[in-house]
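These notes are about the structure you will find just below.
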Amino acid sequence: MSLRRRLTLALVAILSLFAVNVGTHFWGSFARSESMVAYRNSVTASQLSAEVEQLLENQRQQTLVLATLRDTTEDQLEDEELEQAISDIESIRSAIGRLGKLSIGIESQFETLANSSNSLLDGWLEFYQNYNDRDYRSDVDDPLPYLEASERLAELEQRQAFIAVQRASIIDRTIALTDRITVIGFIASIFLTATLGFFLVRYTNRSLKRLKTGTQRIGSGDLNFRIDNIDDKGELGDLANAFNDMSDKLRNAIYDVRRARDVADEANAAKSIFLANVSHELRTPLNAIIGYSEMLHDELDDTREVDRAQFQRDLDKVTLSGRQLLSLINDILDLSKIETGKMSIHCETFRPGELITQVCESLAPLLRDRNNTLQLPDFSDLPALYNDQTKFRQIFTNLMSNASKFTENGYISLSGGPVAGREGWYEFAVHDTGIGMDEEQQKKVFDAFVQADSSTSANYGGTGLGLAISREYCDLMGGSISVDSAPGEGSTFTIVLPSDPELAHADA
Amino acid sequence: MTDQKPILLVEDNELNRDMLIRRLNRAGIEVIPAEDGQQALDKMVSEQPSLVLMDMNLPVLDGWTACRRAREDDRIKHIPIIALTAHAMEADRLNALEAGCDDYATKPVDFPGLLIKIGKLT
C-alpha cells in the first residue's frame, strides 16, 4: 500500500472517530433536552392535578353548604354571587383543559377524567343556574360523581408521576451513555492515532533504512547489491525500483568503461610490444653498420697497409645492412598505414601469370644461392584480374623469397587456377620443401615481427613483417591467405583472391 | 689482457659475429666463437673461457635459458657472462640480470664501453 494511501486511511479513521464523538454529543444533548421537556411537563401536570383536586374539593364544600342552606332557609343568592360561582366552575373546567394539554401519551386516561369531571361540573353548573328557582330539585349532595372524578384525577396524577420518574431515569441513562461513548471514542482515537503513527513510522523507517543501506553498499562499490525486500507498491517501492534501476545502469556503465579501458590497455600494450620490436629490429642492422664503420675507421688509422679487397667487402656489408634497414622502415610504415586504415588499393587490369614470372626472374639469384629448383607451370590460360597489381607483386615476392630463404637444395613450385564452385575467384599456391613449421608456429606466422623461431631472423634474414603485410594486403584485395605445413616437410602458402574486390563485397 | 684465457662470443648473426671477433682481436682479446646457446654451454665447459659475451636471441637454445643452465652447472657457473642484445628496454635488462648475467650491453654496441665491462669482469 502506498504511503499516501496509508496516511489518508489513518486520517479518515481518526476523523471518523472524531465525527462519532461529535455526533454522540449532539444526539445526547438533543435526547436530554427532549426528555427534560417531557419531565417538566409531567411535573407541571402533577402540580396542576393537585391544584384541580383542591379546587374540586373547595367547590364541593361550597356547593354542599349552599345546597343545605337552600333546603333549610328561604334565602336567595344575589346574581353577583351566582356569577362568581359559575365563573369558579368554568375556571376549574379550563384548569382541567390545561391538564389535558399536558397529558401527552396518556390521552385515554385524561378522556375518562374529562368525562367524569364534566358531568360533575355540569351538575354543579345546573345547581347554581337554578338556585333561585324554588321548584328545582337538586341532586348535588349525591357524592358519586365527585368521588369518581377525584378518583380519575388521582389516577391521572399517579400516571403523571410515574411518567416523570420514567423520564428522569431516561435522562440519567442518556447522560451515562453519551459520557461512555465520548470516553470510549476519545480513548479509541488516542489508541488509533498512536498505533497508526507507530506503524507508519516503523514501516517508513524500515524502508528508508533499507534504502540507506543500499546507498551505502553501492557507494562502497558493491554494484550487485539490490533492494529486493520492500513490500511496498507505492512511493517507497517506486524509489526502491528506481534505485535498483540506477544500480543496474551504473553497473552496466562501469562494466562498459572497464571493458573499454581493458581494450585500450590491450591496444596500448600491443603498441608497446610493437615499439619494442621495432626498436629491436632497427638495432640489429644498425649494429652491423656502426660496428663495421667504426672498425674500418680504426683500420684506416692503423699504420699497417689496408687490404683493399677486404675493405671493400666490409663496405658492402655496411651497404647491405643499410638497405635492410631501409626495407625494414618501409615495411613498418606500410604496416602502420594498414593499421591506421590509410592503405588504399588501386585496381587495374593485369595478367597474374606475367607478374608471377617477373617475380621469379627477379628472385633467381636467391634461388641459385641456396641451390633450389623452381617449378613454374604455364600460366598463360589464367584470365586477367582487376585488382591491385602492386600488392599482388609484393605478396608474391614475400612468399617466394620466404620459400627460397627457408629451403636449401630443394624444390619450390607454384600453382594457380580458378576456385571450383566460386566463379571469379582464383587460388595461387607457393609450395616449398624447406624446414616447415609446427602448428604452434603456423598460428603466429602472420603476426607482425614473428618469425617461426626467434633466431630465424638472424639465420635467414628478413624483417618478420612480410607475412603480416601479405595477409593485410590479401584482406584489402578482398581475399585471404593460409598456410599448410609440417616441420621438415616444407610449407604451402595459399592465397585466394577475387578477380575484382567488388566480388568479395558482393559475397559478404 | 693478452696473457688471459680467451673469451667466448655467442652470436648467431654472421655479420655481427665476424665484426665483433675482428674488433676484439684488434683490441688484443682472443675470441672463441659459438653460434647458438647449446654450443655456448658446450664450449664453456670444454674451453673454460675467462668471460662470455652472449647474444640473447639465439637458435636451438636462447641466451636466457643458456645463462640459467650455466649458473646451475658447477663446472662453469663462475664464468662471468655479459648479455649482448638488441632488446633495449629496462625490462629486458632486468630479464638478463635475472637469468644470471653479470652485465648487460645493448646493440648497437658501444665498443669502448664493452671493453671496459670486459676488463672489469676478467
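So the protein sequences, as listed, match chains A and B.
Sequential numbering from 1072 applies to the first sequence in the working numbering.
Sequential numbering from 2 applies to the second sequence in the working numbering.
Just so you know, even glycine gets a beta-carbon here, dropped at the ideal spot from N, CA and C.
No experiment lies behind these values; they were computed from the predicted model shown.
Whole-angstrom Cβ separation of residue i and residue j, contact assumed at under 8 Å?
{"i": "A:Phe1314", "j": "A:Leu1282", "result": "6 Å"}
{"i": "A:Leu1088", "j": "A:Ala1259", "result": "6 Å"}
{"i": "B:Leu52", "j": "B:Ile80", "result": "7 Å"}
{"i": "A:Ala1235", "j": "A:Tyr1110", "result": "6 Å"}
{"i": "A:Asn1358", "j": "B:Lys108", "result": "4 Å"}
{"i": "A:Leu1437", "j": "A:Phe1467", "result": "Actually they are not in contact, since the Cβ atoms of A:Leu1437 and A:Phe1467 sit about 13 Å apart, beyond 8 Å."}
{"i": "A:Thr1478", "j": "A:Arg1439", "result": "Rounded, the Cβ-Cβ distance is 13 Å, inconsistent with contact."}
{"i": "A:Thr1504", "j": "A:Gly1537", "result": "About 20 Å separates the two Cβ atoms, so there is no contact after all."}
{"i": "A:Tyr1217", "j": "A:Leu1191", "result": "6 Å"}
{"i": "A:Glu1124", "j": "A:Ser1221", "result": "6 Å"}
{"i": "A:Ser1541", "j": "A:Asn1469", "result": "5 Å"}
{"i": "A:Gln1180", "j": "A:Leu1227", "result": "5 Å"}
{"i": "A:Arg1422", "j": "B:Ala89", "result": "About 47 Å; that fails the 8 Å criterion."}
{"i": "A:Leu1574", "j": "A:Gly1495", "result": "5 Å"}
What do you get for residue i, buried or exposed, if any count of 16 or more other CB atoms within 10 angstroms of its CB means buried?
{"i": "A:Val1083", "result": "exposed"}
{"i": "A:Asn1276", "result": "exposed"}
{"i": "A:Phe1463", "result": "buried"}
{"i": "A:Met1317", "result": "exposed"}
{"i": "B:Ala67", "result": "buried"}
{"i": "A:Gln1130", "result": "buried"}
{"i": "A:Phe1262", "result": "exposed"}
{"i": "A:Asn1186", "result": "exposed"}
{"i": "A:Leu1397", "result": "exposed"}
{"i": "A:Gln1147", "result": "exposed"}
{"i": "A:Glu1161", "result": "exposed"}
{"i": "A:Lys1012", "result": "Because chain A spans 1072 through 1579 in this model, residue 1012 of chain A falls outside it and cannot be assessed."}
{"i": "A:Pro1214", "result": "exposed"}
{"i": "A:Ala1341", "result": "exposed"}
{"i": "A:Asn1339", "result": "exposed"}
{"i": "A:Ala1311", "result": "buried"}
{"i": "B:Asn96", "result": "buried"}
{"i": "A:Arg1379", "result": "exposed"}
{"i": "A:Gly1559", "result": "exposed"}
{"i": "A:His1368", "result": "exposed"}
{"i": "A:Ser1472", "result": "buried"}
{"i": "A:Tyr1326", "result": "exposed"}
{"i": "A:His1351", "result": "buried"}
{"i": "B:Val11", "result": "buried"}
Spatial neighbours of residue i within its chain, please: CB distance less than 6 Å, with the 5 preceding and 5 following residues excluded, ordered by chain position.
{"i": "B:Glu48", "result": "Ile33"}
{"i": "A:Thr1266", "result": "none"}
{"i": "A:Phe1270", "result": "none"}
{"i": "A:Thr1420", "result": "Ala1455, Tyr1457"}
{"i": "A:Ser1486", "result": "Ala1500"}
{"i": "B:Arg94", "result": "Tyr105"}
{"i": "A:Thr1527", "result": "Its pLDDT being 49, under 50, A:Thr1527 is placed unreliably in this model, and the value from its coordinates should be taken loosely. None."}
{"i": "A:Ser1392", "result": "Pro1356, Ala1359, Ile1360"}
{"i": "A:Thr1183", "result": "Arg1223"}
{"i": "A:Glu1543", "result": "Ile1409"}
{"i": "A:Phe1564", "result": "Leu1470, Val1501, Val1554"}
{"i": "B:Arg72", "result": "Lys78, Gly101"}
Counting only the same chain and skipping the five closest in sequence on each side, list residues whose C-beta sits under 7 Å from that of residue i.
{"i": "A:Arg1288", "result": "Phe1296"}
{"i": "A:Ala1529", "result": "Here the model assigns A:Ala1529 a pLDDT of 43, short of 50, so the residue's position is not dependable and the matter cannot be decided."}
{"i": "A:Thr1144", "result": "none"}
{"i": "A:Arg1103", "result": "Ile1242, Thr1245, Ile1246"}
Cutting at 8 Å between CB atoms, please list the residues of its own chain near residue i, excluding the five before and the five after it.
{"i": "A:Asp1210", "result": "Gly1194"}
{"i": "A:Thr1428", "result": "Leu1447, Phe1450"}
{"i": "A:Ala1232", "result": "Ser1113, Ser1117"}
{"i": "B:Ile8", "result": "Leu25, Ile30, Glu31, Val32, Ile33, Pro50, Ser51, Leu52, Val53, Leu54, Ile119, Thr123"}
{"i": "A:Ile1177", "result": "Leu1227, Arg1230, Gln1231, Ile1234"}
List, in order along the chain, the chain A residues whose C-beta lies closer than 9 Å to that of residue i?
{"i": "B:Arg94", "result": "Correct list: empty, because the minimum Cβ distance to chain A is about 12 Å."}
{"i": "B:Arg27", "result": "Met1366, Asp1369, Glu1370, Asp1373"}
How would you list, in chain order, the residues of chain B whose beta-carbon sits under 7 Å from the beta-carbon of residue i?
{"i": "A:Ala1313", "result": "Neighbours of A:Ala1313 on chain B: none; closest Cβ ~49 Å, over 7 Å."}
{"i": "A:Ile1361", "result": "Pro109"}
{"i": "A:Lys1388", "result": "Leu16"}
{"i": "A:Ser1350", "result": "Ala89"}
Name the chain B residues whose beta carbon is nearer than 9 Å to that of residue i?
{"i": "A:Leu1357", "result": "Ala87, Lys108, Pro109"}
{"i": "A:Arg1354", "result": "Thr86, Ala87, His88, Ala89, Thr107, Lys108, Pro109"}
What in chain A is Cβ-close to residue i, meaning under 7 Å?
{"i": "B:Asp90", "result": "The sequence given here places Met at residue 90 of chain B; Asp does not occur at that position. Those within 7 Å of B:Met90 in chain A are Ala1347."}
{"i": "B:Met20", "result": "Ala1359, Gly1362, Tyr1363, Met1366"}
Give me the chain B residues within the contact set of residue i, using Cβ-Cβ distance strictly less than 8 Å, ordered along the chain.
{"i": "A:Ser1392", "result": "Leu16"}
Which residues in chain A have a C-beta closer than 8 Å to the C-beta of residue i? List them in chain order.
{"i": "B:Arg23", "result": "Met1366"}
{"i": "B:Arg70", "result": "Residues of chain A passing the Cβ test: none, with the nearest at roughly 17 Å."}
Where are the beta strand (DSSP E) runs, 3 residues long or more, that stay fully inside the region 1075 to 1147 of chain A, in chain order? none
At which residue ranges does the region 1178 to 1245 of chain A contain complete beta strand (DSSP E) runs of 3 or more residues, listed in the order of the chain? none
Can you list, in chain order, the stretches of the alpha helix (DSSP H) that have 4 or more residues and sit fully within the region 1380 to 1468 of chain A? 1423 to 1433, 1435 to 1440
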